[in-house]
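Structure first, commentary second.
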Amino acid sequence: MGQHTPQFATTPATGLEDNAAALPTPVTPRRHVERIASLLALGSVVFLPYWLIRRRMTRLHLEVARIGVANAALTRDVRALHGELAMRRTENERLVEVLNQTRAGAEALRSQMEKREGAHAQESTGMRDEMRDIRLALERLAADAVQRDHARAEWEKIRREDLRAFLRERQQTRSQFAAVKELGTSLADVAAFMHEVELQQGYSPRKSDGRGIERMRRLAQKLQDLPEPTDVVDQLREKPADTAAGPDIGKEKS
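Right, dumping it as structure tokens:
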């Protein structure tokens, strides 16, 4: 190392000037601030797009995450909807089956109702015929009842007239019977008077009742022994068939 000499010692003067020119200039505070400002400006220019892009990417990531969550929820909803649609499809199939069964039952019920209506119409026709027959029978019975009432009224009228005639005849019979009784009494008195006259005059009795005193006595006795006529009420009680004969007479007339 001792053998080599330093280079600057052999360098000419022009070389020193060049080296001096090549050396850095001293940094002043203003120059330092300018450099810092340049660095800050350069950093802001460089990092601001990065920060904006980073922020945008963060937002995009959040949006993608939110979209992923929404997509997952939508997927769940779609799956649930598919399940619900399957359930609805099954329910619709059951409903269609129930509707078909209901339609078949309704058809059967309508057929039964039509049959019942036909039977009811026949029964109604039969009942109307029966009611018409019953009404005609009732009308005939009412007419027969009117005729029977009319016949009974006529029979009662005839019965009352017969009763009045019978009462008049009975009154006449009673009068005649009383007269006959009085006649018997008078004949008995006459026979007794004639017998007394015979005894007073001393007439001897004739054979075979020549004067008729005994005949008069017997006749008077017969007249006095005649039975009295029975009362009308007793006769009606003894003959109840006559009273019950009225409706039969009315039926014969009707």
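So the sequence shown is numbered by the working numbering: it starts at 2 and just counts up by one.
Note that beta-carbon positions come from the ideal geometry of N, C-alpha and C, so glycine has one too.
**Prompt:** Would residue 181 pass as a contact of residue 224 if the rule is Cβ separation under 9 Å?
**Reply:** Your numbering for residue 181 matches position 180 in the sequence shown. Your numbering for residue 224 matches position 223 in the sequence shown. Yes, the pair counts as a contact, with Cβ atoms nearer than the cut-off.
With a floor of 3 residues, list each beta strand (DSSP E) that falls wholly inside the segment 38–87, ordered by position along the chain. none
Inset, instruction - Would you mind giving the Cβ-Cβ distance between residue 221 and residue 188, rounded to the nearest angstrom? I have them listed as a contact below 8 Å. - result: Sequence index remark: in the sequence shown, residue 221 carries index 220 (1-based). Sequence index remark: in the sequence shown, residue 188 carries index 187 (1-based). 4 Å between Cβ atoms; contact.
Notebook entry, point to check: Between residue 178 and residue 227, which are expected to be in contact by the criterion C-beta below 8 Å, what is the C-beta distance as a whole number of angstroms?
Noted result: Within the sequence shown, the letter at position 177 stands for residue 178. Within the sequence shown, the letter at position 226 stands for residue 227. Residue 178 to residue 227, Cβ: 7 Å. Contact.
request  = Take the Cβ of residue 185 as the centre, count every other Cβ of all protein chains shown within 10 Å, and call the residue buried at 16 or more, exposed below.
outcome  = Position 184 of the sequence shown, counted from the first residue, corresponds to residue 185. By the 10 Å Cβ count, residue 185 comes out buried.
*Could you give the residue range of the alpha helix (DSSP H) that holds residue 220?*
As a position in the sequence shown, residue 220 is number 219, starting the count at 1. Element bounds for residue 220: 214–225.
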